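**Student:** Residue numbers (this note's numbering), protein chains in the order written: chain S, 1 to 173; chain U, 1 to 136.
The beta-carbon is built from N, C-alpha and C at its ideal position, and this holds for glycine as well.
This structure is a prediction, so every number in the text was calculated from the model and none was measured.
Handing you a structure now.
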Amino acid sequence: MSEYPNEPVSDLPTPPCEFTDDEGRQIELRQASDDVEALVEMYLDFDPEDRAQGIPPTKEADIREWLAVVTSDEGLNVIAWHGNSAVGHVMLVADQEDGYELAIFVLQAYQGASIGTELLRTALGGAAESGVERVWLSVERWNRPAISLYRKIGFETSGDDHFEKMMKLRLDR
Amino acid sequence: MSGIPVAALLYSPAVPTCMRVLIGIEDTDGGMQALDEAAQRARQAGDELTVAVYTVGDDSLAATATAVRDRTETVDVDVVEIEDNPGSKLVEMAEREEYDQIVLSGGERSPLGKLKLDSVHEFVLLNAQTTVKLVR
Numbered sequence: 001m002s003e004y005p006n007e008p009v010s011d012l013p014t015p016p017c018e019f020t021d022d023e024g025r026q027i028e029l030r031q032a033s034d035d036v037e038a039l040v041e042m043y044l045d046f047d048p049e050d051r052a053q054g055i056p057p058t059k060e061a062d063i064r065e066w067l068a069v070v071t072s073d074e075g076l077n078v079i080a081w082h083g084n085s086a087v088g089h090v091m092l093v094a095d096q097e098d099g100y101e102l103a104i105f106v107l108q109a110y111q112g113a114s115i116g117t118e119l120l121r122t123a124l125g126g127a128a129e130s131g132v133e134r135v136w137l138s139v140e141r142w143n144r145p146a147i148s149l150y151r152k153i154g155f156e157t158s159g160d161d162h163f164e165k166m167m168k169l170r171l172d173r
Numbered sequence: 001m002s003g004i005p006v007a008a009l010l011y012s013p014a015v016p017t018c019m020r021v022l023i024g025i026e027d028t029d030g031g032m033q034a035l036d037e038a039a040q041r042a043r044q045a046g047d048e049l050t051v052a053v054y055t056v057g058d059d060s061l062a063a064t065a066t067a068v069r070d071r072t073e074t075v076d077v078d079v080v081e082i083e084d085n086p087g088s089k090l091v092e093m094a095e096r097e098e099y100d101q102i103v104l105s106g107g108e109r110s111p112l113g114k115l116k117l118d119s120v121h122e123f124v125l126l127n128a129q130t131t132v133k134l135v136r
């Protein structure tokens, strides 16, 4: 794997926080704690066409098994709430090399309203606060909207791994 | 009196027809799972199964081939070893020997569970003339 950017991304918001999205909805961003049931609901509602590289799984049992892995102690999870519903989720999961893999999912009805940007920045702020320095993700090469969102936040392309583009970011911890 | 036409019985979709299947295997959990699935179908449908073993890392080819033979004792399979360029070798072999399908395993998962496809998947998916099945 190639190197992380030299310049860290700083001045990120940290959870908990709230904001009004572009559709006028009040959205709260909080670090997850015992919120697995709300996440299961969210992923059962998830539009299959927004899946990426085999996740999230589609069957409830598989969703639960997957959430048990991504919400284990080694990681960081931030949820976007609209009222009592989880509508977005960022997860960071430790890899074997002192870095964290990141993924974000936002329910279709809540896309295109700046929630992804705010959720991503806030989750990275939370990660920096808890000492995370290196974050990476992989994104399908043809997923241009996602790639431009990641670029805007500060991720830099660090090579193509066949179907996926690899992007990395350094945090100011 | 009308009965069920014989043709309908012969071509009923519920009865799988046998195929010549070429399965590309690495010595990984995913690879062995793909093998088990293909072997199970082969038993039910009478598929003719050829297992082509290859390695991307340092694993020994011979050891992988032995593991495959041990695992497929109950099915009649040919095991061949692919030394290098597994993607193009699989595609070539499927064309030359008129296989109906190439089966590959889904590869490894990233820490948070994303499917990672590698150069073998990419080459086979883009260049094979046969159906390609990904077991994951």
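1) In angstroms, rounded to a whole number, what distance separates the CA positions of glycine 125(S) and leucine 12(S)?
2) Please classify leucine 120(S): does DSSP put it in a helix, a strand, or coil?
3) Using CA coordinates, which residue listed in Pro111(U), Ser105(U), Arg109(U), Val120(U) is at the minimum distance from aspartate 36(U)?
4) List, from N- to C-terminal side, the beta strand (DSSP E) runs of 3 residues or more that fit wholly inside the region 18-43 of chain S.
5) May I have the straight-line CA-CA distance separating arginine 189(S) from valine 135(U), to the nearest angstrom?
6) Does arginine 43(U) pass the burial test, meaning 16 or more other C-beta atoms within 10 Å, or should it be called exposed?
7) Go through the region 103-165 of chain S residue by residue and report every complete run of the beta strand (DSSP E) that reaches 3 residues or more, in order.
8) Serine 138(S): buried (16+ other C-beta within 10 angstroms of its C-beta) or exposed?
9) By how many angstroms is the C-alpha of proline 56(S) removed from the C-alpha of leucine 44(S)?
10) Just to confirm, is the Cβ distance from methionine 91(S) to valine 106(S) under 8 Å?
11) If you compare alpha carbons, which of Glu95(U), Gly30(U), Val80(U) is closest to asparagine 127(U)?
12) Is it buried or exposed for glutamate 98(U), if we count other Cβ within 10 angstroms and need 16 for buried?
13) Would glutamate 97(S) count as contacting chain U if we go by Cβ distances under 8 Å?
14) Against chain U, does phenylalanine 163(S) count as a neighbour if the rule is that its beta carbon must be under 8 Å from one of theirs?
15) Do the region 62-75 of chain U and the region 101-115 of chain U meet, that is, are 3 or more Cβ pairs less than 8 Å apart?
16) Report the rounded CA-to-CA distance for methionine 1(U) versus valine 79(U), giving the unit in angstroms.
17) Can you give me the start and stop residues for the alpha helix (DSSP H) that methionine 93(U) sits inside?
18) What does DSSP give as the partner residue(s) for tyrosine 99(U) in the beta ladder?
19) Is there a Cβ from chain U that is less than 8 Å from the Cβ of glutamate 133(S)?
20) Flag this pair as yes or no: are the beta carbons of threonine 50(U) and valine 77(U) separated by less than 8 Å?
21) If we call anything under 8 Å between Cβ atoms a contact, is leucine 171(S) one with valine 9(S)?
**Tutor:** In terms of the structure at hand:
1) When the Cα atoms are used, glycine 125(S) and leucine 12(S) turn out to be separated by approximately 5 Å.
2) Note: leucine 120(S) maps to helix in three-state DSSP.
3) When only C-alpha atoms are compared, the closest one is Ser105(U).
4) The qualifying runs are 26-31.
5) In the structure displayed, chain S extends from 1 to 173; residue 189(S) sits before or after that span and is not available.
6) Under a 10 Å Cβ-count criterion, arginine 43(U) is classified as exposed, with fewer than 16 other Cβ atoms of the shown protein chains found around its own Cβ.
7) Taken in chain order, the complete beta strand (DSSP E) segments of 3 residues or longer contained in the region 103-165 of chain S are 134-140, 156-161.
8) Serine 138(S) comes out buried.
9) If you take the alpha carbons of leucine 44(S) and proline 56(S), they lie about 9 Å apart.
10) No, these two residues do not count as a Cβ contact at 8 Å.
11) Selected option, being the one with the closest Cα: Glu95(U).
12) Looking at its Cβ environment, which holds fewer than 16 other Cβ atoms inside 10 Å, glutamate 98(U) is exposed.
13) Taking 8 Å as the threshold, the shortest C-beta distance from glutamate 97(S) to chain U does not fall below it.
14) Yes, phenylalanine 163(S) lies at the interface with chain U (some Cβ there is under 8 Å from its Cβ).
15) By the Cβ test, the region 62-75 of chain U is not in contact with the region 101-115 of chain U, since fewer than three Cβ pairs between them sit closer than 8 Å.
16) The predicted model places methionine 1(U) with a pLDDT of 47, which falls under 50 and marks its position as unreliable; any figure quoted below should be read in that light. Cα to Cα, the separation comes out at about 51 Å.
17) Counted as a single uninterrupted DSSP element, the alpha helix (DSSP H) harbouring methionine 93(U) occupies residues 86-96.
18) None; tyrosine 99(U) has no bridge partner.
19) Contacts with chain U at 8 Å (Cβ-Cβ) do not include glutamate 133(S).
20) Taking 8 Å as the Cβ cut-off, threonine 50(U) and valine 77(U) qualify as a contacting pair.
21) Taking the C-beta atoms as reference points, valine 9(S) is found nearer than 8 Å to leucine 171(S).
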